[in-house]
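The next block holds one structure in the form of structure tokens; read it before the comments.
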Amino acid sequence: EPGLYIVATPIGNLGDLSPRAAAILAGVALIAAEDSRVTAKLLRHIGARVPMQSYHDHSAEGLRPALVARALAEPIALVSDAGTPLISDPGYKLVRDARAAGVNIVTIPGPCAAVAALTLAGLPTDRFLFAGFLPSKQGARATAIAELAPIRATLVLYESGPRLAACLAALYAGLGDRQAAIAREISKRFEETVTGSLSELAARYENAAPRGEIVITIAPPGEPPPADADTLDSALTAALAAAT
Ligand code: SAM
5 EPGLYIVATP
15 IGNLGDLSPR
25 AAAILAGVAL
35 IAAEDSRVTA
45 KLLRHIGARV
55 PMQSYHDHSA
65 EGLRPALVAR
75 ALAEPIALVS
85 DAGTPLISDP
95 GYKLVRDARA
105 AGVNIVTIPG
115 PCAAVAALTL
125 AGLPTDRFLF
135 AGFLPSKQGA
145 RATAIAELAP
155 IRATLVLYES
165 GPRLAACLAA
175 LYAGLGDRQA
185 AIAREISKRF
195 EETVTGSLSE
205 LAARYENAAP
215 RGEIVITIAP
225 PGEPPPADAD
235 TLDSALTAAL
245 AAAT
């Protein structure tokens, strides 16, 4: 069926590509991709050969109407390098224009690093605010953090290894010593989640920029710190005694 298919792809582990995503990608007439070399690898993995075209929201103005016209006539897919398109990735303007033109829009949900990190962090998930990448310049970053400070929600940020230490220091300065989690290389070989307060995490990464891709999650203001090891220990002992 003609339409624009928004297809989520793995954020590391190729096994996370859903059967439906694979079937759609193999069956469309064209794939609009962020980086065709990255997507070519995925297509090889599923044994599909499909024409590709690179797409960014700032791509040449003429490109979007052409894609919208194609989507009215035949099925086309939008993918990004990893995870869910439109989430800190291109696509929103394409969906906006496709919707305005009456294109059939279908999403194939799947991996998203922000949501995956929330499931790992042990922080409240009932309200969260995804803020993508903070600005890299110090002043703009401090302003952005000051805007986030009063929000009563778990904060979710994307960051890169080399910038992590500076980012954590700025977060500690702007938010105080909230609990946080650093989820790195989710679904990949060197996956790791490190939890602690922002000051502890800032100290830990100060002279040790980690490799790979990172999601930072931060507790809402006023969230009590997790129980200390002794309290957990006695609760565990009691639970084990009750179970036997
Ligand atoms: N659209 C993607 C999604 O749905 O997650 C995000 C794209 S954004 C350009 C890339 C950023 O996502 C990385 O810098 C990192 O912060 C985060 N990310 C992507 N894959 C990750 C992974 N496997 N583990 C941790 N963070 C990841």
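The opening residue of the sequence shown carries number 5 in the working numbering; numbering runs sequentially from there.
Yeah, the Cβ is synthetic: ideal placement off N, Cα and C, and Gly gets one too.
Subject >> ALA86 classed as buried or exposed, judged by whether at least 16 other C-beta atoms fall within 10 angstroms >> reply: buried
**OP:** Look up THR129 in the DSSP assignment and say whether it is helix, strand or coil.
**Re:** coil
Original post:
Between the C-alpha atoms of ARG103 and VAL72, what's the straight-line distance to the nearest angstrom?
Top reply: 9 Å
**OP:** Output the distance between the C-alpha atoms of ILE91 and LEU244, rounded to the nearest integer angstrom.
**Re:** 43 Å
**OP:** Return the CA-CA distance between ILE15 and ILE222, expressed in angstroms with no decimal places.
**Re:** 21 Å
Original post:
Skipping 5 residues on each side, what residues in its chain have a beta carbon closer than 7 Å to that of ALA26?
Top reply: ILE50
Original post:
What does a CB cutoff of less than 6 Å around PRO230 pick up in its chain, not counting 5 residues either side in sequence?
Top reply: none
**OP:** Please list, in chain order, all residues of the same chain as ALA36 whose beta carbon is under 8 Å from its beta carbon, the five residues on each side excluded.
**Re:** MET56, GLN57, SER58, TYR59, LEU71, ILE80, ALA81, LEU82, VAL83, LEU98
Original post:
Considering only C-alpha positions, which residue in the set SER22, ALA242, LEU127 is nearest to PRO115?
Top reply: SER22
Subject >> Delimiting residues of the beta strand (DSSP E) encompassing ALA52 >> reply: Premise fails: ALA52 is in no beta strand (DSSP E) and is neither H nor E.
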